[in-house]
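Each residue of the sequence shown is one higher than the one before, starting from 31 at the first, in our numbering. Yeah, the Cβ is synthetic: ideal placement off N, Cα and C, and Gly gets one too. Comments concern the structure below.
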Amino acid sequence: MPYVVTENCIKCKHTTCVEVCPTDAFREGPNFLVIDPDACVDCDLCPAECPVEAIFEEDELPAGQEVFIELNAELSQVWPEISTSKAAPDDHEQWNGVEGKLKLLER
Ligand code: F3S
């Protein structure tokens with residue numbers, strides 16, 4: 031089962047997760063990252079690197095986060111690869127844990 035980036039990444043986007051990925055499976059959008067499910071090898075390294083706990087294995091998603099399975103698959107086909115971390119948005123702290131961020135996802 032591949033890993034999935036979920037809602038709490040939106041507008042937090044720490045990008046520390048990408049540094050440990052052995053297959054460079056992360057893809058970058060304007061305010062969110064996704065994992066290419068075809069590139070993910072289920073190594074289990076990235077969840078611990080996310081300070082806002084946004085990454086879960088596909089079959090262990092929190093309730094309500096199932097939509098992100100399809101979003102990771104879809105957006106990974108159009109967003110570019112990211113394998114080096116960068117600074118998080120200046121206002122990332124105020125978005126950690128905010129509900130309903132899906133509507134703020136930029137494509
Ligand atoms: Fe997002 Fe967490 Fe990575 S906030 S960019 S999944 S480290």
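Between which two residues does the beta strand (DSSP E) containing residue i stretch?
i	result
L63	63 to 65
E58	56 to 58
Heavy atom of ligand 1 less than 7 Å from the Cβ of residue i, yes or no?
i	result
C80	yes
A69	no
L132	no
E114	Just to set this straight, residue 114 is Thr in the shown sequence, not Glu. No, since every heavy atom of ligand 1 falls outside the 7 Å radius drawn around the Cβ of T114.
L135	no
T45	yes
Flag this pair as yes or no: are the beta carbons of residue i and residue j separated by less than 8 Å?
i	j	result
N38	N102	no
C51	A118	no
Y33	D89	no
Give the single residue among the options whose Cα lies nearest to the Cα of residue i.
i	options	result
E58	P119, P110, Q124	P110
Q95	G130, D121, L105, A118	G130
I40	E87, D89, P81, T114	P81
L135	A55, V48, P92, L105	L105
Give, in chain order, every unbroken run of the beta strand (DSSP E) that is at least 3 residues long and sits entirely within the stretch 47 to 128. 56 to 58, 63 to 65, 85 to 87
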